[in-house]
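First comes the structure, then the notes that go with it.
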Amino acid sequence: MFSSPSGAQYLPSLLDRLTDDDPVNQSIKQSEHSIRNIEKTLSTIKTEEDPERQEINKEKCAKLSKQLDHEQAQYRLRLSAVSSLGEIRACVKRDLDWLLNAHNYFPQKDIEDYPEVRKSVINYGVTDFSGKTTSGIEVRQLERLLKQAIIDFEPRIIKNTLDVHLIADKTLMNYNAMTFEIEGELWSDPLPIHLHLLTELELENGSISITDYQT
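Under UniProt numbering, the very last position in the sequence shown is 215; numbers go up by exactly one each time.
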């Protein structure tokens, strides 16, 4: 496990190791909101002639200034984390590309009773689909196969958040290609990182391409 400059921690990959609904982006927006509120409150504190009122306002300003310094420090930290998290997401995307374009050694049916063999590096990758057609593939089985490969060989994705499913959109599919959506959360501390990808399986040659999901 290693730490980014922001202090966030990530699990290593088997091969080495920002959307609006990201927890990190939400925390940045919350910091911006807090900073604006504190600055607004500070601007409303008036200069008082009464010594007692002056002392009260002085203490109030000192307290708010301390809060403002803290929020601004957190804001800068979270902003620096965004680029680091983007790099981690890109790293996972690259490693998934390697994983899904590697062909494993054993047919799945031959190792069903040997889960440790299935998860070992000798079986890294997925089944070779080259030469098949969309009509000759059982979609749900393929979804499960892709999902299991990711669970076995990409530990940074939180298992119970992972979803892999076919996109039933004729504009994204043809006789020799199938498009899948991969979505999940990446392990990190203190907040998870959202991952949302499109995966196109080209049946003619068995290659898989991965791109960021565009809303």
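Each residue gets a CB set at the ideal place from its N, CA and C atoms; glycine is no exception.
Quantities reported herein were computed from a predicted structural model and do not represent experimental measurements.
Beta-carbon spacing of residue i, residue j below 8 Å
{"i": "T211", "j": "E185", "result": "no"}
{"i": "R156", "j": "V92", "result": "yes"}
{"i": "I38", "j": "C61", "result": "no"}
{"i": "N176", "j": "E143", "result": "no"}
{"i": "Q74", "j": "S120", "result": "no"}
Span of the beta strand (DSSP E), counted from its first residue to its last, around residue i
{"i": "I45", "result": "Looking at the DSSP string, I45 is not in any beta strand (DSSP E), and its letter there is neither H nor E."}
{"i": "V164", "result": "163 to 166"}
{"i": "E202", "result": "193 to 202"}
{"i": "D212", "result": "207 to 212"}
Supposed close pair residue i, residue j - CB separation, criterion 8 Å
{"i": "V126", "j": "A90", "result": "Between A90 and V126 the Cβ distance is about 21 Å, and since that is not below 8 Å, they are no contact."}
{"i": "L100", "j": "T179", "result": "Contact flag wrong, Cβ pair sits at about 13 Å."}
{"i": "I35", "j": "Q72", "result": "6 Å"}
Burial state of residue i, where buried means 16 or more other Cβ atoms lie within 10 Å
{"i": "R76", "result": "exposed"}
{"i": "I193", "result": "buried"}
Cβ-based neighbour list, residue i, same chain, cut-off 8 Å, excluding 5 preceding and 5 following
{"i": "L197", "result": "K93, L96, E181, I182, E183, I210, T211, D212, Y213"}
{"i": "A102", "result": "Y124, G125, V126"}
{"i": "L42", "result": "C61, L64, S65, L68"}
{"i": "E116", "result": "none"}
6 Å Cβ shell around residue i - same chain, five flanking residues per side excluded
{"i": "I151", "result": "K159"}
{"i": "S130", "result": "N205, G206"}
{"i": "V139", "result": "L166"}
{"i": "residue 286", "result": "Outside the shown range of the chain (1 to 215) lies residue 286, about which nothing can therefore be said."}
{"i": "Q141", "result": "none"}
Residues near residue i by beta carbon distance below 7 Å, same chain, minus five either side
{"i": "K147", "result": "L162, V164"}
{"i": "N104", "result": "N123, Y124, G125, V126, T127"}
{"i": "Q67", "result": "I38"}
{"i": "P51", "result": "none"}
{"i": "R78", "result": "V24, S27, I28, S31"}
{"i": "Y114", "result": "none"}
N- and C-terminal bounds of the alpha helix (DSSP H) containing residue i
{"i": "A177", "result": "A177 -> not in any alpha helix (DSSP H); beta strand (DSSP E) instead, spanning 177 to 186."}
{"i": "D152", "result": "139 to 153"}
{"i": "R118", "result": "115 to 118"}
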